[in-house]
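Enquirer: Here it is: the structure, laid out below.
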Amino acid sequence: MMNIINTPSPLHVIENELFKSFNLNVLIKRDDLIHPEISGNKWRKLKLNIERFVQGKYEKLLTFGGAYSNHIIATAKLCQQLNIPSIGIIRGEELNPNSNDTLKRAAEMGMELIFVSRQDYDARYEKYYHNLLRNQYGNVLIVEEGGANYYGMLGVSEVISELEHEPDYLVTAIGTGTTAAGLLFGTERTKVIGVPVFKNGGFISVEIEQHMLNAGLMNEDIVDKMNRLVLATDYGFGGYGRTTPELINFINEVYHESNLIFDQVYTAKMYYAFIDLIKKGKIEKGSEVVLLHTGGIQGLNSILTDLSFDPFKL
Ligand SMILES: *Cc1c(COP(=O)(O)O)cnc(C)c1O
369 MMNIINTPSP
379 LHVIENELFK
389 SFNLNVLIKR
399 DDLIHPEISG
409 NKWRKLKLNI
419 ERFVQGKYEK
429 LLTFGGAYSN
439 HIIATAKLCQ
449 QLNIPSIGII
459 RGEELNPNSN
469 DTLKRAAEMG
479 MELIFVSRQD
489 YDARYEKYYH
499 NLLRNQYGNV
509 LIVEEGGANY
519 YGMLGVSEVI
529 SELEHEPDYL
539 VTAIGTGTTA
549 AGLLFGTERT
559 KVIGVPVFKN
569 GGFISVEIEQ
579 HMLNAGLMNE
589 DIVDKMNRLV
599 LATDYGFGGY
609 GRTTPELINF
619 INEVYHESNL
629 IFDQVYTAKM
639 YYAFIDLIKK
649 GKIEKGSEVV
659 LLHTGGIQGL
669 NSILTDLSFD
679 PFKL
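The opening residue of the sequence shown carries number 369 in our numbering; numbering runs sequentially from there.
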């Protein structure tokens with residue numbers, strides 16, 4: 369759709385002693401290299417939503433996000449490129465376009481930012497709120513927070529068609545669960561290990577199952593797919609957006625060892641979990657594993673002082 373988008377994304381091998389000792393063939397699908405700002409899975413989830421906009425008769429694209437949202441940045445950039453007017457409904461009425469780099473950048477790219485109370489934001493999935501927004505902002509295409517809708521899920525499943533064959537395992541970080549759902553949807557035999565990046569992540573299986581229902585799958589297919597989902601719920605590191613010195617050290621170590629950059633909100637928790645699951649014997653020896661690097665490097669700004677690299681100059 370756009371020549372600034374680098375797909376199919378590269379697939380790289382990661383080699384280290386741990387993987388070798390368990391005879392694991394570990395590959396990483398570099399969706400972080402799709403685009404510096406339209407990061408990884410946010411592109412996957414926006415792609416078909418944008419096509420929906422182009423084919424419809426909408427005036428603007430409206431979506432939702434928190435103050436540091438990768439999805440807001442990705443949407444703002446994509447809409448700027450395609451000359452689509454965009455509106456971001458942002459959680460936090462006390463914020464403004466100068467509150468942080470994410471919001472500043474989104475505003476610079478022409479997104480109209482509307483700051484709402486947490487109470488209003490809580491209504492972001494409600495029909496009455498959508499109608500209210502349409503009354504206020506015209507014929508807008510409303511895209512769910514994080515691109516978490518049917519089209520987003522379907523877009524993610526294109527990751528699978530970029531692989532030569534289904535691996536034994538796919539591993540991804542989980543926010544809304546849309547990415548994990550897309551990976552399950554697109555595979556027939558792969559075990560999908562999902563790492564919720566927040567506390568008590570077990571509930572997310574309900575959201576993932578909902579995506580399967582929305583896609584119109586038959587019951588036995590849903591059961592099969594949900595049986596292949598492995599939730600690794602012990603790697604929230606205190607909650608969404610929280611981090612620990614251990615995790616920051618881990619990010620630095622991995623960078624120096626493998627030249628891979630993971631962000632502290634999503635992908636570092638995914639990789640940490642994967643390493644830990646291997647050490648605990650939870651990954652079958654001799655397996656082929658594809659880790660999904662979902663991107664998110666723009667979120668690194670807040671800890672970049674700890675790291676001595678420019679992610680886009682590697
Ligand atoms: C948004 C995001 C995720 C979470 O994806 P979901 O589809 O919401 O589960 C994972 N990694 C990165 C880098 C993200 O920006």
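By construction, the Cβ of each residue, glycine as well, lies at the ideal position given by its N, Cα and C atoms.
What do you reckon, is the C-beta of ALA516 under 7 Å from a heavy atom of ligand 1?
Expert: Checking the Cβ of ALA516 against ligand 1 gives yes.
Enquirer: Between which two residues does the beta strand (DSSP E) harbouring TYR537 extend?
Expert: 537-542 is the extent of the beta strand (DSSP E) around TYR537.
Enquirer: Using 7 Å as the cut-off, classify the Cβ of ALA491 as near or not near the heavy atoms of ligand 1, replying yes or no.
Expert: No - ligand 1 has no heavy atom lying nearer than 7 Å to the Cβ of ALA491.
Enquirer: Would you list the one or two residues that DSSP bridges to VAL560?
Expert: DSSP lists LEU538 and LEU597 as partners of VAL560.
Enquirer: At 3 residues or longer, and completely inside the segment 413-492: list those beta strand (DSSP E) runs for me, N to C.
Expert: The qualifying runs are 428-433, 454-459 and 480-484.
Enquirer: Whole angstroms are fine: how far does the CA of LYS388 sit from the CA of LYS567?
Expert: The alpha-carbon atoms of LYS567 and LYS388 are separated by roughly 32 Å.
Enquirer: Alpha carbon to alpha carbon, how far is GLN504 from ILE482?
Expert: Distance between the alpha carbons of GLN504 and ILE482: 12 Å.
Enquirer: Look up LEU585 in the DSSP assignment and say whether it is helix, strand or coil.
Expert: Coil.
Enquirer: Could you work out which residue in ALA444, ILE646 and VAL563 is closest to LEU386 when comparing CA atoms only?
Expert: Comparing Cα-Cα distances from LEU386 to each of ALA444, ILE646 and VAL563, the minimum goes to ILE646.
Enquirer: Using 7 Å as the cut-off, classify the Cβ of ASN409 as near or not near the heavy atoms of ligand 1, replying yes or no.
Expert: Correct: ASN409 has its Cβ closer than 7 Å to ligand 1.
Enquirer: Taking 7 Å as the limit between beta carbons, can you name the residues of its chain near GLY604, skipping five residues before and five after?
Expert: Closer than 7 Å at the Cβ level, and outside the excluded window around GLY604, lie PRO564, VAL565, PHE566, LYS567 and GLY569.
Enquirer: Check ILE372 in the structure and name its three-state DSSP category.
Expert: Three-state result, ILE372: coil.
Enquirer: Specify the secondary structure class of GLU526 as computed by DSSP and reduced to three states.
Expert: In this structure, GLU526 counts as helix in the three-state DSSP scheme.
Enquirer: Can you give me the start and stop residues for the beta strand (DSSP E) that LYS650 sits inside?
Expert: First-last for LYS650: undefined, no H or E at that position.
Enquirer: From the DSSP output, in three-state form, read off HIS533 for me.
Expert: The answer is coil: DSSP assigns HIS533 none of H, G, I, E or B.
Enquirer: I'd like the span of the alpha helix (DSSP H) that includes HIS403, first residue to last.
Expert: Taken as a continuous stretch (DSSP letters only), HIS403 belongs to no alpha helix (DSSP H), as it is neither H nor E.
Enquirer: Closer than 7 Å to a non-hydrogen atom of ligand 1 - does that hold for the CB of ALA475?
Expert: False, no ligand heavy atom lies under 7 Å from that Cβ.
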